[in-house]
Amino acid sequence: MLRCHIILFVIIYLFVSLEVKAQEDKSLEELGNEAFVRQEYAVAAGLYGKVEQRKGRRTPIVVLEKLAHCYVEMARFEDAGFYYLHLLRRPDKPSYANLCYGEMQMSIGSYDTARKYIALYQTTNTDSLQWKQLLLSGCDSAVQWKSLGSTVAIESIKELNSEGADWISGVVKKGLLLVSNGYRKMALSTGAERNPDIDLRVNEPYFKPYIYKQYEKGSNANTYLEEVLPDLLKKLPYHIGPVCFNRREDTAYITLSEANKDVFNKTRRGPLNGERLMSLFMSVKKGDTWSPLLPLTTLNFPGSYTGNAVLSEDGQTLYFVSDRPGGVGKTDIWYSERLANGAWGQAKNCGRDINTRWEESFPTINEDGVLYFSSKGHPGMGGFDIFRASGSRDEWTPPLNLRNPYNSGGDDLGFIMKDNHYEGYFSSNREGGTGGDDVYHFLDNHFTENLKKPQPVTQVPIPPAAPEAPDSVAKTINPPEAADTGLIHKLEQLCFYYDYNSAILLTSSKELLDRVATVLKQHKDWKLTICSYADSRGSFEYNNDLTALRCFAVIDYLIKQGIPPSHLYYENLGERGLVNDCGDGVPCSEAEHQRNRRTMLRVIY
Numbered sequence: 210m211l212r213c214h215i216i217l218f219v220i221i222y223l224f225v226s227l228e229v230k231a232q233e234d235k236s237l238e239e240l241g242n243e244a245f246v247r248q249e250y251a252v253a254a255g256l257y258g259k260v261e262q263r264k265g266r267r268t269p270i271v272v273l274e275k276l277a278h279c280y281v282e283m284a285r286f287e288d289a290g291f292y293y294l295h296l297l298r299r300p301d302k303p304s305y306a307n308l309c310y311g312e313m314q315m316s317i318g319s320y321d322t323a324r325k326y327i328a329l330y331q332t333t334n335t336d337s338l339q340w341k342q343l344l345l346s347g348c349d350s351a352v353q354w355k356s357l358g359s360t361v362a363i364e365s366i367k368e369l370n371s372e373g374a375d376w377i378s379g380v381v382k383k384g385l386l387l388v389s390n391g392y393r394k395m396a397l398s399t400g401a402e403r404n405p406d407i408d409l410r411v412n413e414p415y416f417k418p419y420i421y422k423q424y425e426k427g428s429n430a431n432t433y434l435e436e437v438l439p440d441l442l443k444k445l446p447y448h449i450g451p452v453c454f455n456r457r458e459d460t461a462y463i464t465l466s467e468a469n470k471d472v473f474n475k476t477r478r479g480p481l482n483g484e485r486l487m488s489l490f491m492s493v494k495k496g497d498t499w500s501p502l503l504p505l506t507t508l509n510f511p512g513s514y515t516g517n518a519v520l521s522e523d524g525q526t527l528y529f530v531s532d533r534p535g536g537v538g539k540t541d542i543w544y545s546e547r548l549a550n551g552a553w554g555q556a557k558n559c560g561r562d563i564n565t566r567w568e569e570s571f572p573t574i575n576e577d578g579v580l581y582f583s584s585k586g587h588p589g590m591g592g593f594d595i596f597r598a599s600g601s602r603d604e605w606t607p608p609l610n611l612r613n614p615y616n617s618g619g620d621d622l623g624f625i626m627k628d629n630h631y632e633g634y635f636s637s638n639r640e641g642g643t644g645g646d647d648v649y650h651f652l653d654n655h656f657t658e659n660l661k662k663p664q665p666v667t668q669v670p671i672p673p674a675a676p677e678a679p680d681s682v683a684k685t686i687n688p689p690e691a692a693d694t695g696l697i698h699k700l701e702q703l704c705f706y707y708d709y710n711s712a713i714l715l716t717s718s719k720e721l722l723d724r725v726a727t728v729l730k731q732h733k734d735w736k737l738t739i740c741s742y743a744d745s746r747g748s749f750e751y752n753n754d755l756t757a758l759r760c761f762a763v764i765d766y767l768i769k770q771g772i773p774p775s776h777l778y779y780e781n782l783g784e785r786g787l788v789n790d791c792g793d794g795v796p797c798s799e800a801e802h803q804r805n806r807r808t809m810l811r812v813i814y
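Start counting at 1 in the sequence shown, then tack on 209, and there's your number in my numbering.
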């Protein structure tokens, strides 16, 4: 009898335990659904993940779908691909899981695998079919472009990038305009941002604008961040940025989350997070004071996103991004023209040459009026690709994909070209980065205009005259006169220095090169070998490319001063030839590093 009671007790205990566990699982899924509705994707992913761990193969399809979607929203593509692959192993899998898994493979650069799964996707929806064909075309193009190789030197700015997302939105006199949601505990000018507010959508801090003072003097030169307009912006909640300044830097156009104007999904537990609308505001500097923020009412559209503003070089056209009605696709690039009274006119669409049925964003414009922007709708390598187009307003040349290595399977955005046309920055969440979106510095001779690349110096010995050839004539090389020897010595003692990570000639270098050009014009039989060096920071290959561009900068300047290209040679020596002990990993001051970043001359007579 006692045994029967024990067995009955065990059965009841097991039944109750299973029932409690079922209720707990149900509660986790419901909590995940509520977080998902509020767009708290990091929270929802954690809850759905626990359900998947407990139920394993019995996990509902809808939970796997939402779990994968959460990781897509957080730009964690490998994790998303893991759960889409789980979906594909289910007999009741939806067909679109093939497309989604293919996109995740595309984002990490696995184009052959991506193409295989995207091709398996079956649909009769016209938009979906067009999207499928766009992705398949992108896979084919990516494989072809990557096979061509590249001469562009690209390097992540490791001292700047955080574990969050970082991207450059523009250039100002002090440095680079940065937008970041990383935990910023570096040398901030006000000591703020110790405990930033968290965006529960992705479990990361809200975006804030900074100035990256890359040329700041001192030991913290490459990690110094300054908050943008802290008195005006630092107390504002939610996302701030990007910020755009006019040429005089006395007017700022700022993208902000509007207070009390959130897009809410009013179901279940209510709008605790939501998708916050972004709008454009401006502030004008009068004396040393910035005016209170004013919304650009002629440009902002109720219930729609308006932001990412950038000014044309003449300051008369403002370009921005919006998902308002009347556009071509999901998000378009729009523009507004400045009126005679200084106000901004009505928003107009940049047209179908730029905008597609999908997403365009992150516009920047260089001093030549070239528009750089990111698009998911033009054929590309996956995610957002960077394109360039010439024109203005709603008249543009067909956009050109910048291809590999600027573009990748991930999102590539925020392209900034410096004034020298071969150096700049962009951001990407491609494989191998530090965090979400990382900032990369590039050096590319493709954009250099009117530069005839000289041949590098090669050691070719001249064979001696054969003694049995009586008619041979030995060429006599006359040494330079004593006065010329002193002049040559002075030329070969000159050093032309550079800022960190740059091939741009300093003003002092240009003044010296003017004098060098004068000397070469007086000695028309002299030729020069330009020898350029780098400091030890950066990879060996990167520094070789960097010093080549430093050589080209000097050669280009001398050619413009009237020196024949045939009289100019170069040697790019990378980090070979350090003048001090500042090798890899050795702590040195910026002044010590700069001694190694130099170009010197060698006279051939």
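Even glycine gets a Cβ: it sits at the ideal position worked out from N, Cα and C. Given the structure is predicted, the values throughout are model-derived calculations rather than measurements.
What are the start and end residues of the beta strand (DSSP E) that includes residue i?
| i | result |
| --- | --- |
| W376 | D375 to V381 |
| V519 | T515 to L520 |
| A552 | Run containing A552: none; DSSP gives neither H nor E here. |
| D541 | D541 to E546 |
| N781 | L777 to N781 |
| V579 | V579 to S584 |
Once the 5 residues before and after residue i are set aside, which same chain residues still bring their CB inside 8 Å of it?
| i | result |
| --- | --- |
| G554 | T507, S545, E546, R547 and L548 |
| V380 | L386, I625 and K627 |
| W499 | L438, D440, L441, A461, S492 and V493 |
| L294 | Y310 |
Would residue i be called buried (16 or more neighbouring beta carbons within 10 Å of its own) or exposed?
| i | result |
| --- | --- |
| F749 | exposed |
| T526 | buried |
| T360 | exposed |
| A277 | buried |
| E458 | exposed |
| I813 | exposed |
| I686 | Caution applies to I686, whose pLDDT of 41 falls short of 50 and renders its modelled position unreliable; the value that the coordinates give is listed next. Flag for I686 reads exposed. |
| S346 | exposed |
| E261 | buried |
| T268 | buried |
| P534 | exposed |
| T716 | exposed |
| I816 | Any property of residue 816 remains undetermined from this structure, which presents the chain solely from 210 to 814. |
| T304 | With the sequence shown as reference, residue 304 is identified as Ser, and Thr is not the correct amino acid for it. S304 comes out exposed. |
Please work out which residues of its chain come closer than 7 Å, Cβ to Cβ, to residue i, disregarding the five sequence neighbours upstream and downstream, and give them in chain order.
| i | result |
| --- | --- |
| G318 | S617, G618 and E640 |
| K302 | L296 |
| Y421 | L369, G384, L385, L387 and L434 |
| R804 | V788 and N789 |
| G517 | What sits at residue 517 in the sequence shown is Asn, not Gly. Cβ neighbours of N517 beyond the five flanking positions: P451, T464, F529, V530, S570, F571 and P572. |
| T864 | Only positions 210 to 814 of the chain appear in this structure, which leaves residue 864 out of reach. |
| N564 | G536, V537, G538, D541, I542 and N558 |
Distance check for residue j and residue i, CA to CA, integer angstroms please.
| i | j | result |
| --- | --- | --- |
| T738 | E569 | 46 Å |
| N429 | S798 | Only weak support is given to the placement of N429: the predicted model assigns it a pLDDT of 41, under 50, and the question is left unresolved by the model. |
| S601 | D594 | 21 Å |
| L758 | P796 | 26 Å |
| A251 | E720 | 56 Å |
| T808 | S718 | 10 Å |
| L486 | L343 | 29 Å |
| F705 | I697 | 16 Å |
| N390 | L441 | 19 Å |
| G783 | H776 | 23 Å |
| N509 | V519 | 15 Å |
| I449 | I270 | 37 Å |
Rounded to the nearest angstrom, how far is the Cβ of residue i from that of residue j, given a contact under 8 Å?
| i | j | result |
| --- | --- | --- |
| A306 | K275 | At roughly 13 Å, the Cβ-Cβ gap does not stay under 8 Å, so A306 and K275 are not in contact. |
| R806 | Y742 | 7 Å |
| L755 | L622 | About 24 Å separates the two Cβ atoms, so there is no contact after all. |
| C740 | R785 | Their Cβ separation, rounded to whole angstroms, is 10 Å, which puts C740 and R785 out of contact at 8 Å. |
| I772 | A800 | In fact, because the Cβ distance is near 31 Å, the residues do not count as touching under 8 Å. |
| N613 | K355 | 5 Å |
| E632 | S745 | Contact doesn't hold; Cβ gap of about 20 Å is too wide. |
Which two residues bound the contiguous alpha helix (DSSP H) that contains residue i?
| i | result |
| --- | --- |
| C760 | F749 to K769 |
| T565 | Looking at the DSSP string, T565 is not in any alpha helix (DSSP H), and its letter there is neither H nor E. |
| N805 | E799 to N805 |
| W340 | T335 to S356 |
| D628 | Per DSSP, D628 belongs to no alpha helix (DSSP H) and is neither H nor E. |
| D594 | Looking at the DSSP string, D594 is not in any alpha helix (DSSP H); the run it does join, the beta strand (DSSP E), is D594 to S601. |
| T716 | T716 to Q731 |
| L276 | I270 to E282 |
| A254 | Y250 to K264 |
Under 7 Å between C-beta atoms, does residue i make it to chain D?
| i | result |
| --- | --- |
| E274 | You won't find chain D in this structure, because it holds only one protein chain. |
Going by beta carbon distance, what residues of the same chain come within less than 6 Å of residue i, once the five residues before and after it are set aside?
| i | result |
| --- | --- |
| G794 | none |
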